[in-house]
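Enquirer: Quick note on the numbering used here: the sequence shown kicks off at 2 and runs consecutively. Note that the Cβ used here is the ideal one computed from N, Cα and C, for glycine as well. Everything numeric in this text was worked out from a predicted model, so none of it was measured. I have a structure here, written as structure tokens, and I will follow up with some questions on it.
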Amino acid sequence: MFEGLCGVFNDSLPDGWGRLLFDRFTRSNVMLISEITPLDRLTYIGTNALGALIFEPDQGINEKHLNVNLDILARQSKQVLNGGSDEVLKELLAFNGSSAGARPKALVAISNDLKKIIYGINEITDNYQPWIVKFSNNQDGYDAGEIEYVYGLMAKNAGILMPDIHLFESKNSPGYFAIKRLDRSNLQRFHTHTACGLLHSDFRLPSLDYQDLIALTTNLTKDMGEIEKLFRLAVFNVMSHNRDDHSKNFSFLMDKTGEWKVSPAYDLTFSFGPRGEQSNMVMGEGKNPTIDHLIKLGEDSKIPKEKVDNIIDKTRAALSQCKVLAENQGVFKQNIRLINQRINA
């Protein structure tokens, strides 16, 4: 799983889409993938890793201040997923950095008015901020961006701390979901590590319980407010049927004073986990976690019952707006029906 690396360094290696790009790029340059070591891969990440870590010597692919057309990037990504377009691999690698996950992504800089998008994330000005834009893969539905945007809106209404989000218009699809990077503020970088990397827990083989994430949060932050933040996210994931809540989808940020906090939330959407179960169990239950399991988790986490009830009620109220929000964003009617059948509101 960690290829001989410590988990926190393995966090800097892309998986899914990013690994596909790099392996295709390797083959197109007549190199054997078997001869590329994890350390070689880290040098290709160079200064483009998520978080504060950088790797030298830097053999990364860097472009500066290129104007970005999201429709072109989406089309190129689709061509690569379908097995073609080796000529665009270098450009797509530059945009991907070390971002993880199965969906194609672009790490870009977006103007504060959200009207201009450029590449050049390591040398942006005060008028731009670093963002991540997602594109659909071959398994996603046509409206995957809209659904994730709706989930982001509901999460904010539920009191969950999230980065800024936006849905960019497209000529070829309903839209592209974008989220401001949580590991940077202008050019300042923050150490960012996933629960997967910190616990050396293989996210592909679900074995964690939210109790484990609460324990990690307790040990890292020693802050009841951060424990409540993690619990609130657990409640939202379970009640909204976000079952892809594996250990790479929880991160922790360290500030310049060395204090750790639970990162703002990300990768929140309607999803099914392994065999349809929750990727993270709730008090030992993965197949059908209920409100009662969440209440027990809150009690086990030493969160006052009144606070637990308030978090659940606020989440339920936020999720009750799903149908209206989804209709406003143009989510397909059959997906609206499916989501509303599954969410626990």
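Within the continuous alpha helix (DSSP H) that includes Met240, where are the two ends?
Expert: The sequence position of residue 240 within the sequence shown is 239, counting from 1. Segment Met225 to Met240, the alpha helix (DSSP H) holding Met240.
Enquirer: Given a cut-off of 8 Å, decide if Gln330 and Tyr152 are closer than it, judged by their beta-carbon atoms.
Expert: Your numbering for residue 152 matches position 151 in the sequence shown. Your numbering for residue 330 matches position 329 in the sequence shown. Not closer than 8 Å, so no.
Enquirer: Starting from the C-beta of Asn250, find all residues in its chain whose C-beta is less than 6 Å away, skip the five residues before and the five after it, and write them out in chain order.
Expert: Counting from one through the sequence shown, the residue named residue 250 turns up at place 249. Once the five neighbours on either side are set aside, the close Cβ partners of Asn250 are Asp268.
Enquirer: Taking the continuous alpha helix (DSSP H) assigned at Val332, which residues delimit it?
Expert: Here the question's residue 332 lines up with position 331 in the sequence shown. Element bounds for Val332: n/a, residue is neither H nor E.
Enquirer: How many whole angstroms separate the CB atoms of Ala107 and Gln130, which I take to be in contact at a CB cut-off of 8 Å?
Expert: As a working note, residue 107 is residue 106 in the sequence shown. As a working note, residue 130 is residue 129 in the sequence shown. Not a contact, Cβ separation roughly 14 Å.
Enquirer: Using only CA atoms, which one of Asn173, Asn281, Asp245 and Tyr177 lies nearest to Gln212?
Expert: The sequence position of residue 212 within the sequence shown is 211, counting from 1. With distances taken between Cα atoms, Gln212 lies closest to Asn281.
Enquirer: Bridge partners of Pro15, per DSSP?
Expert: Position 14 of the sequence shown holds residue 15. DSSP output for Pro15 lists no bridge partner at all.
Enquirer: Mark Ile73 as exposed unless 16 or more other C-beta atoms lie within 10 angstroms of its C-beta, in which case mark it buried.
Expert: As a first step, residue 73 is located in the sequence shown; it is residue number 72 there, counting from the start. The residue in question, Ile73, is exposed, as its Cβ has fewer than 16 Cβ neighbours within 10 Å.
Enquirer: Quick one: residues in its chain with C-beta nearer than 7 Å to the C-beta of Leu234, no 5 flanking neighbours on either side, listed in chain order?
Expert: By 1-based counting over the sequence shown, the position of residue 234 is 233. Correct list, in chain order: Ile161 and Ala266.
Enquirer: For Asn243, name the three-state secondary structure that DSSP assigns.
Expert: Against the sequence shown, residue 243 aligns to sequence position 242. Asn243: strand per DSSP, three-state reduction.
Enquirer: What's the C-alpha gap between Val9 and Arg276?
Expert: Within the sequence shown, numbered from 1, the residue matching residue 9 stands at position 8. Within the sequence shown, numbered from 1, the residue matching residue 276 stands at position 275. Whole-angstrom Cα-Cα distance: 28 Å.
Enquirer: Got a sec, what are the start and stop residues for the alpha helix (DSSP H) Ile37 sits in?
Expert: Counted from its first residue, the sequence shown places residue 37 at position 36. It is not in any alpha helix (DSSP H) - Ile37 carries neither H nor E in the DSSP assignment.
Enquirer: With a 10 Å radius around its C-beta and 16 neighbouring C-beta atoms as the bar for buried, classify Gly350 as buried or exposed.
Expert: The question about residue 350 has no answer here: the residues shown for the chain are numbered 2 through 346.
Enquirer: Would you mind reading off the limits of the alpha helix (DSSP H) that contains Thr270?
Expert: Here residue 270 corresponds to residue number 269 of the sequence shown, with the count starting at 1. Premise fails: Thr270 is in no alpha helix (DSSP H) and is neither H nor E.
Enquirer: Shortest alpha-carbon distance to Val332 belongs to which of Asn138, Lys257, Pro39 and Ala145?
Expert: Along the sequence shown, read from residue 1 onward, the residue named residue 332 stands at position 331. Checked all of Asn138, Lys257, Pro39 and Ala145; the closest Cα to Val332 is Ala145.
Enquirer: State buried or exposed for Arg182, treating a residue as buried only when at least 16 other CB atoms are found within 10 Å of its CB.
Expert: One-based indexing of the sequence shown puts residue 182 at position 181. Arg182 should be labelled buried.
Enquirer: Are Phe237 and Tyr177 close, meaning C-beta to C-beta below 8 Å?
Expert: To locate residue 237, count along the sequence shown from 1; it is residue 236. To locate residue 177, count along the sequence shown from 1; it is residue 176. Not in contact: Phe237 and Tyr177 (Cβ atoms no closer than 8 Å).
Enquirer: Inspect the beta-carbon positions of Cys197 and Ser248 and report whether they are closer than 8 Å.
Expert: Locating residue 197 in the sequence shown gives position 196, where the first residue counts as 1. Locating residue 248 in the sequence shown gives position 247, where the first residue counts as 1. Yes; because the gap between Cβ atoms is below 8 Å, this pair is in contact.
Enquirer: Buried or exposed, going by whether 16 or more other CB atoms sit within 10 Å of the CB of Ser52?
Expert: In the sequence shown, the residue the question calls residue 52 occupies position 51. Checking the displayed sequence, the identity of residue 52 turns out to be Gly instead of Ser. That one is buried.
Enquirer: Mapping DSSP to helix, strand and coil, what is Phe169?
Expert: The sequence position of residue 169 within the sequence shown is 168, counting from 1. Strand at Phe169.
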